[in-house]
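Participant: Got a structure for you, questions after.
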Amino acid sequence: MHRNWKVAATVGVAVVFVGGGIGVALAEGETTASTISCPTIADKLPAVPASARAEVERNLAQLNTQIAEANARLVSSAGEGGQNFVQNAILGPLKDKRVAAINRIATAIGRQGTRPQGLDAFATCTLATGGSATATEPATVPEATGAAAASPGTISCPDVASQLPAVPAGARAEVDRNLAQLQTQINEANARLASSVGQGGPNFVQNAILGPLKDKRVAAINRIATAIGRINARPQGLDALAPCALQAGGAANGGNAGNAGNAGNAGNAGNGGNTGNTGGGSTAVGTISCPDVGSELPAIPAGALAEVERNLAQLQTQINEANARLASSVGQGGPNFVQNAILGPLKDKRVAAINRIATAIGRIDARPVGLDALAPCTVS
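Numbering-wise (the numbering used here), the sequence shown opens with residue 487 and increments by one.
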């Protein structure tokens with residue numbers, strides 16, 4: 487009985503010693519509750535941009551979760567460890583987790599505006615006696631307000647469609663697709679403009695919205711010029727239409743809503759030198775003719791049959807696609823159009839499929855050689 491009392495006393499002294507450093511005290515027969523106490527972060531933040539608010543609030547909630555888990559660990563580990571147990575096993579790891587969450591908060595804000603500094607100073611928590619719980623982080627934070635929250639205006643861009651020459655029929659689909667893309671880019675930029683009200687410094691709109699929009703427009707405009715240039719003269723100077731501006735008052739952008747006119751598409755009067763793609767663009771175009779690969783194969787091992795048949799089917803699909811391209815491109819290109827745009831790519835695809843066939847057979851039996859000679863096709 488006397489021995490049991492000495493053990494209890496020893497434990498009591500150890501906890502009191504720990505308490506001397508971090509505020510825990512256990513007297514005989516009495517427990518003073520302790521809780522983790524951490525500085526709040528939400529009230530230290532600047533105005534949070536609307537587009538960063540969700541990530542900021544998610545990490546503020548994570549801070550609350552971390553504190554709750556640390557308090558649960560504190561209760562479940564009562565009487566464990568030595569002099570520095572609470573600091574090493576609970577408060578230290580909690581600080582590391584808080585640093586990570588606080589940095590995510592600062593990074594989220596910094597992506598849209600000025601990154602807040604010095605928040606890491608609020609990562610350290612302490613142990614408070616008497617059951618005083620730490621303040622809970624707010625579930626929401628206010629968004630950026632003030633003068634910067636006024637109407638942001640509208641992105642205004644030069645109209646591209648009205649500046650194009652007559653668009654050849656063979657280029658019209660690609661031109662229309664990229665004109666539509668130009669309008670999509672403007673819509674996205676306007677949405678970004680509205681969602682970023684109050685963010686960044688004086689050059690934010692130029693650097694984060696108008697600059698990237700110009701780059702996207704240059705790419706789309708170049709695709710338009712290239713599509714026309716494959717058939718007729720490539721239009722020059724369209725890049726001058728790429729820069730956009732911010733127009734106050736919400737004036738709508740003129741848009742790039744289609745391929746204005748281009749009726750007739752004069753001047754694309756034939757493709758005289760293209761085998762099978764000649765005449766005024768409306769005569770019979772011929773058919774792609776390719777050597778038969780299946781008949782040139784050796785006996786196919788059972789273990790390779792499925793892969794060989796799959797690639798033989800792929801060869802036929804390639805021919806079908808090339809024939810469809812041949813029919814749809816009547817009147818396009820110069821004297822080498824069919825060779826460069828249809829037969830050449832078809833040969834490359836056939837080489838790949840034929841090599842897969844040879845490889846499949848070669849894994850089991852002797853690899854057939856010379857099949858690449860069957861790759862080139864012609865128009866008949």
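The beta-carbon is built from N, C-alpha and C at its ideal position, and this holds for glycine as well.
1) So Ile595 packs on Pro535, CB below 8 angstroms; how close in whole Å?
2) Unbroken alpha helix (DSSP H) runs of length 4 or more, entirely within the segment 666-724: which are they?
3) For Ala706, I'd like the list of residues in its chain whose CB is within less than 6 angstroms of its CB, leaving aside the five on either flank, ordered along the chain.
4) Beta carbon of Leu699, beta carbon of Ala675: below 9 angstroms?
5) Would you report the Cα separation of Thr640 and Ile576, rounded to the nearest angstrom?
6) I'd like the list of long-range same chain contacts for Val627, defined as Cβ closer than 8 angstroms, with 5 residues on each side in sequence excluded.
7) Count the other CB atoms, across all protein chains shown, that sit within 10 Å of the CB of Val504; report buried if there are 16 or more and exposed otherwise.
8) Ends of the beta strand (DSSP E) at Ala731?
9) Quick check on Val561: buried or exposed, where buried means 16 or more other Cβ atoms within 10 Å of its Cβ?
10) Within 10 angstroms of its Cβ, does Asn797 collect 16 or more other Cβ (buried), or is it exposed?
11) Would you report the Cα separation of Leu854 and Glu660, rounded to the nearest angstrom?
12) Run through the DSSP bridge pairs and tell me what Ser642 is partnered with.
13) Taking just the CA atoms, how far does Cys776 sit from Glu793?
14) Taking all protein chains shown into account, do 16 or more other C-beta atoms lie within 10 angstroms of the C-beta of Pro784, making it buried, or fewer, making it exposed?
15) Short check: CB of Gln818 to CB of Ile717, under 9 angstroms?
16) From the DSSP secondary-structure annotation, give me the bridge partner or partners of Leu613.
17) Is the separation between the beta-carbon of Ser648 and that of Thr773 shorter than 9 angstroms?
18) Is it buried or exposed for Gly599, if we count other Cβ within 10 angstroms and need 16 for buried?
19) Per DSSP, Thr864 is paired with what?
20) Let me know if Thr764 comes out buried or exposed under the rule of 16 or more other beta-carbons within 10 Å of its beta-carbon.
21) Please classify Ala852: does DSSP put it in a helix, a strand, or coil?
22) Can you tell me whether DSSP reads Gly604 as helix, strand or coil?
23) Report yes if the CB atom of Cys730 is closer than 9 angstroms to the CB atom of Cys643, and no otherwise.
24) If you follow the alpha helix (DSSP H) that Thr622 is part of, which residue opens it and which one closes it?
25) Hey, how far is the Cα of Pro862 from the Cα of Val816?
26) At which residues does the alpha helix (DSSP H) containing Ile595 begin and terminate?
27) How should Thr670 be labelled, buried or exposed, when 16 other C-beta atoms within 10 angstroms of its C-beta is the threshold for buried?
28) Just how far apart, CA to CA, sit Gly756 and Ser537?
29) In three-state terms, what does DSSP make of Ala564?
30) Just checking my contact of Pro651 with Ile710 at CB under 8 angstroms: how many whole Å lie between their CB atoms?
31) Do Val646 and Leu696 come within 9 angstroms of each other at the CB atom, strictly closer than that value?
32) Round the Cβ separation of Leu860 and Glu782 to the nearest angstrom and send it over; I've been treating them as touching at under 8 angstroms.
33) In whole angstroms, what separates the C-alpha of Ala587 from that of Leu732?
34) Looking at C-alpha atoms only, which residue of Asp701, Leu613 and Asn841 is the closest neighbour of Leu727?
35) Report the three-state DSSP secondary structure of Gln569 (helix, strand or coil).
Facilitator: According to the structure data:
1) 7 angstroms between Cβ atoms; contact.
2) The segment 666-724 contains, as complete alpha helix (DSSP H) runs of 4+ residues, the segments 697-715 (chain order).
3) Sequence-distant Cβ neighbours of Ala706 in its own chain, meaning closer than 6 angstroms and more than five residues away, are Asn664, Gln667 and Leu668.
4) Between Leu699 and Ala675, the C-beta gap is smaller than 9 angstroms, which places the two residues in contact.
5) Each residue's Cα considered, the two are about 52 angstroms apart.
6) Excluding the 5 residues flanking it on each side, Val627 has same chain C-beta neighbours closer than 8 angstroms at Ala528, Leu531, Val534, Arg539, Val542, Glu543 and Leu546, in chain order.
7) Low confidence applies here, because Val504 scores a pLDDT of 35, under 50, leaving its location unreliable and the question unanswered by this model.
8) Taken as a continuous stretch (DSSP letters only), the beta strand (DSSP E) holding Ala731 covers Ala731 to Gln733.
9) Classification of Val561: exposed, given that the 10 Å Cβ count is below 16.
10) Buried.
11) In the sequence on display, residue 854 carries Pro and not Leu. Each residue's alpha carbon lies about 42 angstroms from the other.
12) Ser642 is bridged to Ala731.
13) Note on geometry: alpha-carbon atoms of Glu793 and Cys776 lie some 21 angstroms from one another.
14) Its Cβ having fewer than 16 others within 10 Å, Pro784 is exposed.
15) The answer is yes: Cβ separation under 9 angstroms.
16) For Leu613, DSSP records a beta bridge to Ile522.
17) No Cβ-Cβ contact shorter than 9 angstroms links Ser648 with Thr773.
18) Buried.
19) Paired residue(s): Ser775.
20) Because the pLDDT at Thr764 is just 38, under 50, the model does not fix this residue reliably, and the point stays unresolved.
21) Correct three-state label for Ala852: coil.
22) Here Gly604 sits in coil by DSSP.
23) Yes, they are a contact pair.
24) Secondary structure note for Thr622: it is in no alpha helix (DSSP H), with a DSSP letter that is neither H nor E.
25) Straight-line Cα distance between these residues: approximately 21 angstroms.
26) Looking at the DSSP string, the run of the alpha helix (DSSP H) that includes Ile595 is Gly578 to Gln598.
27) Exposed, since its Cβ has fewer than 16 Cβ neighbours within 10 Å.
28) Confidence is the limiting factor: at Gly756 the pLDDT is only 32, short of 50, which leaves the residue's position unreliable, though a coordinate-based value still follows. Using only the alpha carbons, I get a separation of about 54 angstroms.
29) Here Ala564 sits in coil by DSSP.
30) A Cβ-Cβ distance of about 11 angstroms is found for the pair Pro651 and Ile710, leaving them out of contact under the 8 angstroms criterion.
31) Not closer than 9 angstroms, so no.
32) The pair is a contact, with the Cβ atoms about 6 angstroms apart (cut-off 8 angstroms).
33) Roughly 36 angstroms between the two C-alpha positions.
34) Checking every option, the nearest Cα to that of Leu727 belongs to Asp701.
35) In this structure, Gln569 counts as coil in the three-state DSSP scheme.
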